[in-house]
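According to my numbering, the sequence shown is numbered sequentially starting from 823. Every residue, glycine too, gets a C-beta built ideally from N, C-alpha and C. Just so it is clear, the structure is predicted and the values come from calculations on it, not from any experiment.
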Amino acid sequence: MPEDIRKTHVLNTIANYFGFDYDALTPLSDHRALGNFLDDANCPLLSATRGHKHSVNLSNEIKVTEGSQCLVQFKVRPDVITPENVHTNIFLSSMIDSPLDSLYYMIKSVFTPALRDNNADSKAIEQLENFFH
Numbered sequence: 823m824p825e826d827i828r829k830t831h832v833l834n835t836i837a838n839y840f841g842f843d844y845d846a847l848t849p850l851s852d853h854r855a856l857g858n859f860l861d862d863a864n865c866p867l868l869s870a871t872r873g874h875k876h877s878v879n880l881s882n883e884i885k886v887t888e889g890s891q892c893l894v895q896f897k898v899r900p901d902v903i904t905p906e907n908v909h910t911n912i913f914l915s916s917m918i919d920s921p922l923d924s925l926y927y928m929i930k931s932v933f934t935p936a937l938r939d940n941n942a943d944s945k946a947i948e949q950l951e952n953f954f955h
C-alpha cells in the first residue's frame, strides 16, 4: 500500500514539535482521531498531547492539563485534507500557556489580517462581531 502523504505530514509535524523520531509515531497512522481529522470535513482539529516518554495522545478535542505540552492542528477551511491541500489547509497552534491565550494569538495573528482584507465577506465579519459581543 502506498504511503499516505497526509498522515506522514501530520505525524511528522507532531514528531518534530515534540522532538521525537518519526518512526516512534508511525503506529498512530491508523488512529481514529487522525483519520477523522483527515477524512471528515466537519472535524476541525487534531490535538496531540505529549504523554510519558515518547508517547503522544491524539484527540479531536482540546484536552490540555497544566504542565502538559499540546500541539493543535486546525483546518483553515472545513474540507477533507487531500495531498493537494495538506500544506495549505492546516494551521498549527501550540497550547503552551493556556487554550485561551492560544485562541487570542490565533485570532490576532491569523484571522484579523484576513478580515481586514478588502475582499473579506462582510456578512461573515458581521456574524463574527455579533458572536463576540
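In the three-state reduction of the DSSP assignment, N858 falls in the helix class, which pools H, G and I. A direct Cα-Cα distance of roughly 20 Å separates K829 from G873. Restricted to the region 861–904, the beta strand (DSSP E) segments that are unbroken, complete and at least 3 residues in length are 867–872, 878–881, 892–897, listed in chain order. Bridge pairing for L847: absent [DSSP]. In this structure, the alpha-carbon of L833 lies about 14 Å from that of L867. A residue is called buried when at least 16 other Cβ atoms come within 10 angstroms of its Cβ; L856 meets this threshold and is buried.
Considering only G889, C865, D845, H909, the residue with the shortest C-alpha distance to H831 is H909. Assignment of F842 by DSSP, reduced to helix, strand and coil, places it in the coil class. Between I912 and K897, the gap from beta carbon to beta carbon is short of 8 Å.
Note that the C-beta distance between V894 and S869 is below 8 Å.
For L914 and S851, the gap between their C-alpha atoms comes out near 19 Å.
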